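Shown next, in structure tokens, is the structure this report addresses.
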Amino acid sequence: MELFGFPSIFMKWIEACITTPSFSVGLNGKPHGFFKGARGLQQGDPLSRYLFVLVMEVLHLGLDRFAKWSGLKLNVQKSQLIISRSAQGLREEMLAALGFQEGVLPLRCDRTSIWIEWLYQGRLRNTSIWTIKEHGGSWGWPKILRLRVFLRPMVDYQIGDGMRFYLWQDPWHYLGPLSDTFPRGPRLLGLEESAKLSMVISGGEWHWPPITDFECLEITHALPTIHGGEDRIVWRFDHGQPTAQALYRLFDPP
Numbered sequence: 489m490e491l492f493g494f495p496s497i498f499m500k501w502i503e504a505c506i507t508t509p510s511f512s513v514g515l516n517g518k519p520h521g522f523f524k525g526a527r528g529l530q531q532g533d534p535l536s537r538y539l540f541v542l543v544m545e546v547l548h549l550g551l552d553r554f555a556k557w558s559g560l561k562l563n564v565q566k567s568q569l570i571i572s573r574s575a576q577g578l579r580e581e582m583l584a585a586l587g588f589q590e591g592v593l594p595l596r597c598d599r600t601s602i603w604i605e606w607l608y609q610g611r612l613r614n615t616s617i618w619t620i621k622e623h624g625g626s627w628g629w630p631k632i633l634r635l636r637v638f639l640r641p642m643v644d645y646q647i648g649d650g651m652r653f654y655l656w657q658d659p660w661h662y663l664g665p666l667s668d669t670f671p672r673g674p675r676l677l678g679l680e681e682s683a684k685l686s687m688v689i690s691g692g693e694w695h696w697p698p699i700t701d702f703e704c705l706e707i708t709h710a711l712p713t714i715h716g717g718e719d720r721i722v723w724r725f726d727h728g729q730p731t732a733q734a735l736y737r738l739f740d741p742p
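First residue of the sequence shown: 489, per the working numbering; consecutive thereafter.
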């Protein structure tokens, strides 16, 4: 309403009408109880449709202004509307009002994305996605990290030159991240926590420093094969390549 130019006093009246009403529940023809409304306009409220119309009008004005300033216009044939699950009740109205086709958010599975590169250079500098702590970052960061427990059984680590994988933090070993199983390992072997796996690979073979501690001897048992080339994380399904369909089945099983 502010964007439409309504006076502030008028907007305050409307706000008061929405936020201050109280309600009673009718049982057997008589009102019972007395409580104040606290949720605002919800789906199913007779006024919610009018609120939707106002929002759509503001969006329309914004798009018109963008077209005038930039000289660009929306192409309905090339545009798509992505609707969240929480707005499915308005799906048909939104599609009819805008005239767009319904689309879905694309998934990027490589590192060409700017966001992915920022993630590696910022959050994951000198650490692994599997061992980094959940605290800190934006509200969505801990939610992403909580998915690790589902993803870990779905991937395999194929060792090449060891330049990509972390020695202590990545789950390339059958025991999982060695920092969890052998927390004293970096000190006992003289290999820092951020060391890459290449520190114990030479000429395509394993070359570990002398191990005198009995606890760490288990590290060198049943070592995986070195394949050569670059390190690779391989999806266990769909021929080794992650797909949007496979991820959808993983997090939304039938």
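Note that beta-carbon positions come from the ideal geometry of N, C-alpha and C, so glycine has one too. Just so you know, these numbers come straight off a predicted model, no measurement behind them.
*Nearest residue (CA-CA) to Ile647, options Ser558, Lys566 and Ile721*: Ile721
*Hey, how far is the Cα of Asp668 from the Cα of Glu503?*
55 Å
*Cutoff 8 Å; reference Lys684; Cβ partners in own chain excluding five residues on either side*: Gly650, Met651, Arg652, Phe653, Tyr654 and Leu655
*Phe670, buried or exposed, once every other Cβ within 10 Å from all chains shown has been counted against 16*: buried
_Supposed contact pair Met544 and Ala444 - C-beta distance, whole angstroms, cut 8 Å_ = No answer is possible for residue 444: the residues shown for the chain start at 489 and end at 742.
*Which same chain residues, not among the five before or five after Ser616, have their C-beta less than 6 Å away from its C-beta?*
Tyr654, Gln657 and Asp658
_Using 8 Å for Cβ pairs, my map puts Val541 next to Leu491. What's the rounded Cβ distance?_
Actually they do not touch by this definition, with Cβ atoms about 14 Å apart.
*Out of Arg537, Val637, Ala710 and Leu562, which has the shortest C-alpha to C-alpha gap to Gly577?*
Arg537
*Where Trp660 falls, given that 16 or more other Cβ within 10 Å makes a residue buried*: buried
*If you draw a straight line from the alpha carbon of Leu549 to that of Gln568, how long is it in whole angstroms?*
19 Å
_By the three-class DSSP mapping on this structure, what secondary structure does Val643 have?_
strand
*Which residues in the same chain have their Cβ closer than 6 Å to the Cβ of Ile714, if we skip the five residues on either side of it in sequence?*
Ile647 and Gly692
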